[in-house]
Amino acid sequence: LGDIGHAIQSYAESHRFSVVRDFCGHGLGRIFHDAPSILHYGKPGQGIKLRPGMFFTIEPMINAGRYDVKVLGDGWTAVTKDKSLSAQFEHSIGVTETGYEIFTLSPKGWTKPSYM
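According to this note's numbering, the residues represented by the sequence shown are 2 to 117, in order.
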């Protein structure tokens, strides 16, 4: 799983963004937020190996400034400590015998919102 986090972090940082460390993706199973935790940063070749039948989310929060965040009093809303812009997106993924499937892709093939 370290390869996933490393790819996200490398891409974000190559564009001068940061990856929030306080939140992570998660396994999908009998419990919604199931193991394993899917970090959005890390070193390649570390962590458990992906195997067929695994289902998980990748949901990085990417900041235009530093990666530090705080959660507001409602217990849900996260904001950047340095007041920089931030974005978060989530995909649900399953590992198959021959690769993977992204369950949250649009059936119409849309990969970008119409305003982009």
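Quick reminder that beta carbons are idealized off the backbone N, C-alpha and C, glycines included. Since we're looking at a predicted model, the values are computed, not measured.
> Near Val72, what residues of its chain come up, given a Cβ to Cβ distance below 6 Å and the 5 sequence neighbours on each side ignored?
Replying inline: In chain order, Ala79 place their CB closer than 6 Å to the CB of Val72, counting only its own chain and leaving out the 5 sequence neighbours on each side.
>> Among the candidates Leu86, Thr105 and Thr99, whose CA atom is the shortest distance from the CA of Phe18?
In response: If we check each option's Cα against that of Phe18, Leu86 comes out closest.
> Residue range of the alpha helix (DSSP H) that His7 falls in?
Replying inline: DSSP places His7 in the uninterrupted alpha helix (DSSP H) bounded by Gly3 to Ser15.
> Quick one: complete alpha helix (DSSP H) runs, 4+ long, within the segment 13-89?
Replying inline: Whole alpha helix (DSSP H) segments, 4+ residues: zero.
> In chain order, what residues of the same chain have a beta carbon less than 7 Å from the beta carbon of Val96, not counting five sequence neighbours either side?
Replying inline: Excluding five sequence positions before and after Val96, the CB atoms of its chain that fall closer than 7 Å to its own CB belong to Leu51, Arg52, Pro53, Gly54 and Met55, given in chain order.
> Does the Cβ-Cβ distance between Pro45 and Gly3 come in under 8 Å?
Replying inline: Yes, the pair counts as a contact, with Cβ atoms nearer than the cut-off.
> Which residues bound the beta strand (DSSP E) around Gly95?
Replying inline: Unbroken beta strand (DSSP E) run through Gly95: His92 to Val96.
> Do Ile94 and Ile59 have their CB atoms nearer than 8 Å?
Replying inline: For Ile94 and Ile59, yes; Cβs fall inside 8 Å.
> With Phe57 and Leu29 assumed to form a contact (beta carbons below 8 Å), what rounded beta-carbon distance in angstroms separates them?
Replying inline: The Cβ separation is near 6 Å, so the contact holds.
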